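Each residue of the sequence shown is one higher than the one before, starting from 5 at the first, in this note's numbering. Note that CB positions come from ideal geometry on N, CA and C, so glycine has one too. None of the values given here were measured: they were computed from a predicted structure.
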Amino acid sequence: HLLEQSNATATFFYIWFKELESFSRVHDKKLSILALTAVLSLPAGAIPSLQGHIGTLLQNLMKLFQDYPAALETRQVYLKQMAGDDEDDDEEDEKTQSASEEPKEEDGDASDDDDDYANFLSAKKSGGYDYDDFVDFGLEEDPYFETPLDPVDPYIEFARFLKACPPDHVLLKAVNAEQHTFLQQIVVTAETNERKLIEEAQKQQEQQQQLR
Numbered sequence: 005h006l007l008e009q010s011n012a013t014a015t016f017f018y019i020w021f022k023e024l025e026s027f028s029r030v031h032d033k034k035l036s037i038l039a040l041t042a043v044l045s046l047p048a049g050a051i052p053s054l055q056g057h058i059g060t061l062l063q064n065l066m067k068l069f070q071d072y073p074a075a076l077e078t079r080q081v082y083l084k085q086m087a088g089d090d091e092d093d094d095e096e097d098e099k100t101q102s103a104s105e106e107p108k109e110e111d112g113d114a115s116d117d118d119d120d121y122a123n124f125l126s127a128k129k130s131g132g133y134d135y136d137d138f139v140d141f142g143l144e145e146d147p148y149f150e151t152p153l154d155p156v157d158p159y160i161e162f163a164r165f166l167k168a169c170p171p172d173h174v175l176l177k178a179v180n181a182e183q184h185t186f187l188q189q190i191v192v193t194a195e196t197n198e199r200k201l202i203e204e205a206q207k208q209q210e211q212q213q214q215l216r
């Protein structure tokens, strides 16, 4: 309401969409997907200045969903590197102080991302790390950043919204055949993710019962 009253809604969304490419983290993309889903869930006419721009909202939402799997993969890579670095630290702690190692030769094929990540970890261990600083190291993901949104699945949330849409919803009227197919793929992914969550919950419950 404040944005509408000050005629700033269009400007806000313009800046937001213009900066989408810089939102590289899983959290950033997930938050944007959930926010756009919330906007589309509002009753018709709730944001009058956006009524003629549903197509733009949909295009940016689809772009976020297209980029989301790659962001997840990048995060998993960093998490695996973190786990490996922690194991290396444990091994070093077990060695005596007098133990020495010959310097390792640098791998000429090592990627810049590996160097950036090493610098990032060095800053983290030295206590000089802030979760916003990961950008300064050239990283696309901050593996130490955790939020209450972590367990939320954007596919499931968006699929719930779609299934609750009436046939005459403005979004359903705005989609073309290609977009409709893409939305169906999101629903399929959501159903797959939901089944996995149920299976994981069942396994955890069985494990707890075995421990009793």
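Cβ pair residue i, residue j closer than 9 Å
i: Ala163; j: Glu195; result: yes
i: Val43; j: Leu24; result: no
i: Phe69; j: Pro158; result: yes
i: Glu145; j: Thr193; result: no
i: Ile190; j: Leu153; result: no
i: Pro147; j: Leu83; result: yes
Candidates the options, of which the one nearest residue i by Cα
i: Val156; options: Ile37, Ser28, Trp20, Leu166; result: Ile37
i: Asn197; options: Ser10, Tyr82, Asn11, Pro73; result: Pro73
i: Pro52; options: Gln183, Asn180, Leu6; result: Leu6
i: Gln63; options: Gln80, Ala75, Ala178; result: Ala178
i: Leu65; options: Gln9, Trp20, Gln212, Pro170; result: Trp20
i: Lys218; options: Leu40, Gly49, Tyr82; result: The question about residue 218 has no answer, for the chain in this structure spans 5 to 216.
i: Arg199; options: Ile160, Leu187, Glu210, Phe165; result: Ile160
i: Leu46; options: Glu204, His184, His173; result: His173
i: Phe149; options: Gln9, Met86, Glu203, Asp71; result: Met86
Task: Inter-stretch contact (C-beta, 8 Å, three-pair minimum) for the stretch 45-63 and the stretch 22-35 - done: no
Open item on the list: Quick check on the DSSP output: what are the complete beta strand (DSSP E) runs of length 3 or more inside the stretch 36-84, in order along the chain?
Closed with: none
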